[in-house]
Amino acid sequence: NHHLHVSLMDYNPYSYQQGSSSNNHIPSNAYEYDVGILAQQSVYVPGAMIDKRGGSGGKLAKGGKRTTVLRKGGGKVWEDQTLLDWNPSWFRLFVGDLSNDVSDDVLSNAFNKYPSFQKGRVIRDRLSQKAKYGFIAFSDPEDFLKAWREMDGKYVGNRPIKLKKADDTAIRPVEIGHRKAKQLEKNLKKNRHNPY
Numbered sequence: 001n002h003h004l005h006v007s008l009m010d011y012n013p014y015s016y017q018q019g020s021s022s023n024n025h026i027p028s029n030a031y032e033y034d035v036g037i038l039a040q041q042s043v044y045v046p047g048a049m050i051d052k053r054g055g056s057g058g059k060l061a062k063g064g065k066r067t068t069v070l071r072k073g074g075g076k077v078w079e080d081q082t083l084l085d086w087n088p089s090w091f092r093l094f095v096g097d098l099s100n101d102v103s104d105d106v107l108s109n110a111f112n113k114y115p116s117f118q119k120g121r122v123i124r125d126r127l128s129q130k131a132k133y134g135f136i137a138f139s140d141p142e143d144f145l146k147a148w149r150e151m152d153g154k155y156v157g158n159r160p161i162k163l164k165k166a167d168d169t170a171i172r173p174v175e176i177g178h179r180k181a182k183q184l185e186k187n188l189k190k191n192r193h194n195p196y
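Numbered continuously in UniProt numbering, the sequence shown closes out at residue 196.
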């Protein structure tokens with residue numbers, strides 16, 4: 001098999017697509033080699049190895065990167081890609097003491113009377129799907145302060161909510177590499193029976 005490697009050094013798997021005549025030295029097992037090349041390349045293509053099974057955001061190829069939002073709580077770190085479309089310049093309130101009947105819509109409807117209201121999001125327990133807390137976003141600091149003042153302690157669903165300014169680092173897109181993705185996946189497995 002040794003002579004094969006020599007002839008492959010200058011073999012361009014795409015040359016035949018360009019109609020070039022340099023393809024007359026393609027070895028007899030060119031197809032297998034092509035498949036091998038593709039398999040090797042996919043290791044270096046960010047996102048190409050994403051696990052179809054899902055999980056916290058899929059497996060990440062070595063050297064690959066993906067953008068996500070990391071959430072921290074109770075000493076644990078996990079990722080929540082549904083928060084990626086939150087504009088970092090929005091003014092955000094953290095909503096505590098949510099009752100389980102509160103959905104994104106219910107939360108949003110409670111705050112959409114404020115003109116610059118942008119988005120409401122309920123964060124649920126991964127296993128039980130019970131509402132844990134939420135975020136509300138405004139594009140105008142006046143509305144943000146007004147809503148904080150007026151809505152703190154008001155009933156949304158079956159319970160009065162507690163409002164406070166959301167930690168600025170709570171919803172921030174970050175790029176994570178292979179090592180961090182692996183660590184998050186390990187955390188997810190380890191905490192499967194004990195979510196955050």
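A virtual CB, placed ideally from N, CA and C, is assigned to each residue, including glycine. Every value quoted in this text rests on a predicted model; they were computed, and no experiment measured them.
In this structure, does DSSP put residue i in helix, strand or coil?
| i | result |
| --- | --- |
| A137 | strand |
| N29 | Low local confidence applies: a pLDDT of 48 at N29 is under 50, so the model's placement there is unreliable, with the coordinate-based value given in what follows. N29 falls in the coil class under three-state DSSP. |
| A166 | coil |
| K146 | helix |
| L93 | strand |
| D105 | helix |
To the nearest angstrom, how far is the alpha carbon of residue i from that of residue j?
| i | j | result |
| --- | --- | --- |
| L145 | R126 | 31 Å |
| I136 | D101 | 17 Å |
| E142 | Q129 | 33 Å |
| Y133 | K113 | 21 Å |
| A151 | P88 | The sequence given here places Met at residue 151; Ala does not occur at that position. When rounded, the distance between both Cα atoms is 23 Å. |
| N158 | V106 | 11 Å |
| K154 | S99 | 12 Å |
| R149 | L163 | 9 Å |
By a C-beta neighbour count over all protein chains shown, 10 Å radius and 16 as the cutoff for buried, is residue i buried or exposed?
| i | result |
| --- | --- |
| residue 209 | Residue 209 cannot be examined here, being either before or after the span of the chain that is shown, 1 to 196. |
| R121 | buried |
| K119 | buried |
List the DSSP bridge partners of residue i.
| i | result |
| --- | --- |
| I161 | Paired residue(s): none; I161 is not in a bridge. |
| residue 230 | Shown here, the chain extends from 1 to 196; a query on residue 230 therefore has no answer. |
| R121 | F135 |
Answer yes or no: the CB of residue i versus the heavy atoms of the ligand ZN, is any distance below 7 Å?
| i | result |
| --- | --- |
| A110 | The ligand ZN is not part of this structure, which contains no ligands at all. |
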